[in-house]
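Student:
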Amino acid sequence: MKPESLRSDLLLLLASLIWGTAFVAQRIGMQNVTPFFFNGIRFLLGALVLIPIIFCRKNNLGGKRDGFLLGNPFQWQFVVLGLLLFGGASLQQVGIVFTTAGKAGFITGLYVILVPVIGILFRRKTRATTWLGAVFGATGLYFLSIKKGFSIHKGDFLVLVGAFFWTFHVLAIDRFTKEIPPLQLAFWQFILCGLFSLAFAFTFEHTTVQALIKATIPIFYAGLLSVGIAYTLQVVAQEHAHPSHAAIILSLESPFSAVAGYIVLNETLT
14 MKPESLRSDL
24 LLLLASLIWG
34 TAFVAQRIGM
44 QNVTPFFFNG
54 IRFLLGALVL
64 IPIIFCRKNN
74 LGGKRDGFLL
84 GNPFQWQFVV
94 LGLLLFGGAS
104 LQQVGIVFTT
114 AGKAGFITGL
124 YVILVPVIGI
134 LFRRKTRATT
144 WLGAVFGATG
154 LYFLSIKKGF
164 SIHKGDFLVL
174 VGAFFWTFHV
184 LAIDRFTKEI
194 PPLQLAFWQF
204 ILCGLFSLAF
214 AFTFEHTTVQ
224 ALIKATIPIF
234 YAGLLSVGIA
244 YTLQVVAQEH
254 AHPSHAAIIL
264 SLESPFSAVA
274 GYIVLNETLT
């Protein structure tokens, strides 16, 4: 295995671990704060984490510093990633109100199936092991989410729709990291997703300062770690990783979320 590939795998594994535990923080945060306010604040916090890194780190474009190459925030690649991130995060955050952290993590992880399937449309070859994973993933979704009468709970459905947004998010990152420095992509997708979320929050939701204070720890965990660190690790790692391969490793957030939900929230999968 090439050093770049091993490094990417380790970064993706760390990202999946952080995301898995973050499902618990997201669920706890929903006890006090509305979904769009929660996401708006946490994604802007994640962007703040990147500012000192961006201005200190030199990129590969002639040794210039990333801080001088942030570019136009409304560049189409940034907008696409911001919208995909907003769609996936919003559906996940609303859906997690009506389901468990473990189930939300598992269903979100089904992009391990969707990435190679949709990747076919973009002429991406998929290994047999990935298709085997798709079978196991679909079986797991059946036992976790479908009950008598073949009904899917509201929260499960919202998170499942969000999985399609995550699928295109992974594929978009794979393409855009070939054109734009990863930290720029990460920074602007956080900013735009945060602004989109706050726009919806101020339009459709109401919260109080007291509620935000009560949710401080979950918001900071989800913002600084899940967004600022984990999403950035994903973007940086995918510069040297095939999207289907990346999706397999990132889908490990599912068992991580189940374990975290069991330990912290005493949740069970069935």
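In terms of the working numbering, the sequence shown is residues 14 to 283. Where a beta carbon is used, it is the ideal one built from N, C-alpha and C, also for glycine.
Under the rule that 16 or more other beta-carbon atoms within 10 Å means buried, what is LEU184, buried or exposed?
Tutor: Buried.
Student: Would you call the segment 17–29 in contact with the segment 209–227, where contact means no fewer than 3 C-beta pairs closer than 8 Å?
Tutor: No, the segment 17–29 is not in contact with the segment 209–227.
Student: Measure the Cβ-Cβ separation of ARG40 and LEU278 and say whether it is below 8 Å.
Tutor: In this structure, LEU278 lies closer than 8 Å to ARG40 by Cβ.
Student: Determine the burial state of ASN85: buried for a count of at least 16 other Cβ atoms within 10 Å of its Cβ, exposed for fewer.
Tutor: So ASN85 ends up on the exposed side.
Student: Determine the DSSP secondary structure at ILE109, reduced to helix, strand or coil.
Tutor: In this structure, ILE109 counts as coil in the three-state DSSP scheme.
Student: Which of the three DSSP states, helix, strand or coil, is assigned to ILE193?
Tutor: Looking at ILE193 - three-state DSSP - the assignment turns out to be coil, as it is neither helix nor strand.
Student: Tell me which residue opens and which closes the alpha helix (DSSP H) that GLU17 is part of.
Tutor: Where GLU17 is concerned, the enclosing alpha helix (DSSP H) stretches over 16–42.
Student: Going by DSSP in three states, ARG78 sits in which element: helix, strand or coil?
Tutor: Since pLDDT at ARG78 reaches only 47, below the 50 mark, its modelled position is unreliable, and no value is offered.
Student: For PRO256 and VAL128, which I take to be in contact (beta-carbon distance under 8 Å), what is that distance rounded to the nearest angstrom?
Tutor: Rounded, the Cβ-Cβ distance is 5 Å, consistent with contact.
Student: At 4 residues or longer, what runs of the alpha helix (DSSP H) sit wholly inside the segment 214–240?
Tutor: Correct list: 222–227 and 229–233.
Student: For ILE262, list the residues DSSP reports as bridge partners.
Tutor: Per DSSP, none; premise fails for ILE262.
Student: For ILE31, collect the residues of the same chain with a Cβ closer than 7 Å to its Cβ; drop the 5 residues on either side in sequence, then sort them by chain order.
Tutor: Hits under 7 Å: LEU238, SER239, ILE242 and ALA243.
Student: Pull up the distance between the alpha-carbon of SER29 and that of THR47, whole angstroms please.
Tutor: Their backbone Cα atoms lie some 25 Å apart in a straight line.
Student: Among the residues of its own chain, which have a CB less than 7 Å from the CB of GLY80, if the five just before and after it don't count?
Tutor: Low local confidence applies: a pLDDT of 47 at GLY80 is under 50, so the model's placement there is unreliable, with the coordinate-based value given in what follows. Only ILE67 and PHE68 meet the Cβ criterion.
Student: Can you give me the start and stop residues for the alpha helix (DSSP H) that ASN52 sits inside?
Tutor: From DSSP, the alpha helix (DSSP H) with ASN52 extends over 48–69.
Student: Do you know how far the Cα of GLY168 is from the Cα of PHE6?
Tutor: The question about residue 6 has no answer, for the chain in this structure spans 14 to 283.
Student: Please return the same chain residues whose Cβ sits closer than 6 Å to the Cβ of VAL110, not counting the five positions on each side in sequence.
Tutor: Only MET43 meet the Cβ criterion.
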